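Going left to right, the sequence shown walks through residues 605 to 784 as our numbering numbers them. We treat Cβ as the ideally placed atom computed from N, Cα and C, and that holds for glycine. It should be emphasised that the depicted structure is a prediction, and the values quoted were computed from it without experimental measurement.
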Amino acid sequence: ALVVRGGLHEEAGDLSAAQQDYAKAAELEPENDSAHFHLGNVQETLGLFEQALLSYDAAIRLNPEHDDAYNSRGRVLEELGRYEQAIDSFTASIRIDPADPAPHYNRGTVWLTLDNFAKALEDLEKAIALGLKDADLLAARGLAHEGLGNIEAARADFRAALVDDPTNDSAIDGLKRLPQ
605 ALVVRGGLHE EAGDLSAAQQ DYAKAAELEP ENDSAHFHLG NVQETLGLFE QALLSYDAAI
665 RLNPEHDDAY NSRGRVLEEL GRYEQAIDSF TASIRIDPAD PAPHYNRGTV WLTLDNFAKA
725 LEDLEKAIAL GLKDADLLAA RGLAHEGLGN IEAARADFRA ALVDDPTNDS AIDGLKRLPQ
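Spelled out as structure tokens, the structure:
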């Protein structure tokens, strides 16, 4: 009941109440991986990354096949600058559910941060092949192409990103950087 009520609070935008309900649910039902996972989501949204990491770790400990917990854990590790661990978490999520485009996209952005443009491009292409396609993804793929020296492909991705979102700063800046 507390997890359901926490979800209602979360949907209503009352993250403090949601966090309290999820924390109480995790305390009363320490084996409830869903309570720990949702608590981690709220903590992540609130910028409480170390706490979110502990919650996601608890969810994974209780349910080692919880692909969303691995993906969320990877996002938090990326925020904390722990890139190799983030890659490992995204890889675990992909191993469990290879058809989910989100961890491919997320791992691709970490590869970009590490200037590994070939691996970034591979993951971003996979995310697109799995059905994810938005301005941020296209801009990220443009950055990967730019890093590999594929200027025309980068330009095409940045332009496509701007069709989807004319305010996408990454695409705007990318186009400005490219040679004419």
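Extent of the continuous alpha helix (DSSP H) run through A739: For the purposes of this step, residue 739 is identified with residue 135 of the sequence shown, where counting begins at 1. From DSSP, the alpha helix (DSSP H) with A739 extends over 739–751.
N-terminal and C-terminal residue of the alpha helix (DSSP H) that R781 is part of: Locating residue 781 in the sequence shown gives position 177, where the first residue counts as 1. Residues 773–781.
Local Cβ density within 10 Å of I755, reported as buried at 16 or more and exposed below that: For the purposes of this step, residue 755 is taken as the residue at position 151 of the sequence shown. Answer is exposed; the Cβ neighbour count stays below 16.
Beta-carbon contacts of N675 that lie in its chain and below 8 Å, excluding the five residues immediately before and after: For this step, residue 675 is matched to residue 71 along the sequence shown. Closer than 8 Å at Cβ, skipping near neighbours: S693, F694, S697, D704, A706, P707, N710.
Continuous alpha helix (DSSP H) assignments of at least 4 residues falling wholly in the region 637–690: 637–649, 653–666, 671–683
Nearest candidate by alpha-carbon position, reference A656, set E669, N667, L681: Taking the sequence shown and counting its residues from 1, one reaches residue 656 at position 52. Minimum Cα distance to A656 is reached at L681.
Inter-residue spacing [alpha-carbon to alpha-carbon] between V607 and K730: For the purposes of this step, residue 607 is taken as the residue at position 3 of the sequence shown. For the purposes of this step, residue 730 is taken as the residue at position 126 of the sequence shown. One C-alpha to the other measures close to 34 Å.
For P702 and P668, the rounded distance between their alpha carbons: The residue labelled residue 668 in the question sits at position 64 within the sequence shown. The residue labelled residue 702 in the question sits at position 98 within the sequence shown. Cα to Cα, the separation comes out at about 16 Å.
Beta-carbon proximity of L728 to A748, cut-off 7 Å: As a working note, residue 728 is residue 124 in the sequence shown. As a working note, residue 748 is residue 144 in the sequence shown. Yes; because the gap between Cβ atoms is below 7 Å, this pair is in contact.
A629 beta carbon less than 7 Å from that of A621: The residue labelled residue 621 in the question sits at position 17 within the sequence shown. The residue labelled residue 629 in the question sits at position 25 within the sequence shown. Taking 7 Å as the Cβ cut-off, A621 and A629 do not qualify as a contacting pair.
Under 7 Å between C-beta atoms of R759 and L782: Looking up residue 759 in the sequence shown gives position 155. Looking up residue 782 in the sequence shown gives position 178. Going by C-beta atoms, R759 is nearer than 7 Å to L782.
Close-in-space but distant-in-sequence residues of the same chain around A627 (CB under 7 Å, 5 per side omitted): To locate residue 627, count along the sequence shown from 1; it is residue 23. For A627, where only same-chain residues beyond five positions count, the Cβ hits under 7 Å are L643.
Straight-line gap, L619 to P770 (C-alpha atoms, nearest Å): The residue given as residue 619 occupies position 15 in the sequence shown. The residue given as residue 770 occupies position 166 in the sequence shown. Approximately 31 Å between the Cα atoms of the pair.
DSSP three-state assignment for G610, whether helix, strand or coil: For the purposes of this step, residue 610 is taken as the residue at position 6 of the sequence shown. Correct three-state label for G610: helix.
Closest by C-alpha distance to L684, when choosing among T717, R665, D672: By one-based count along the sequence shown, residue 684 stands at place 80. The option with the nearest alpha carbon to L684 is T717.
Cα-Cα separation between A605 and Q624, rounded to whole angstroms: The sequence position of residue 605 within the sequence shown is 1, counting from 1. The sequence position of residue 624 within the sequence shown is 20, counting from 1. Going by the C-alpha atoms only, they are around 13 Å apart.
N-terminal and C-terminal residue of the alpha helix (DSSP H) that A764 is part of: Translated into the one-based positions of the sequence shown, residue 764 becomes position 160. 755–768 is the span of the alpha helix (DSSP H), which, as asked, contains A764.
Backbone secondary structure at N710 - three-state DSSP: What you label residue 710 is simply residue 106 of the sequence shown in a count that begins at 1. Helix at N710.
Distance cut-off 6 Å: Q623 Cβ against heavy atoms of the ligand GTP: Ligands displayed in this structure: none; no statement on the ligand GTP is therefore possible.
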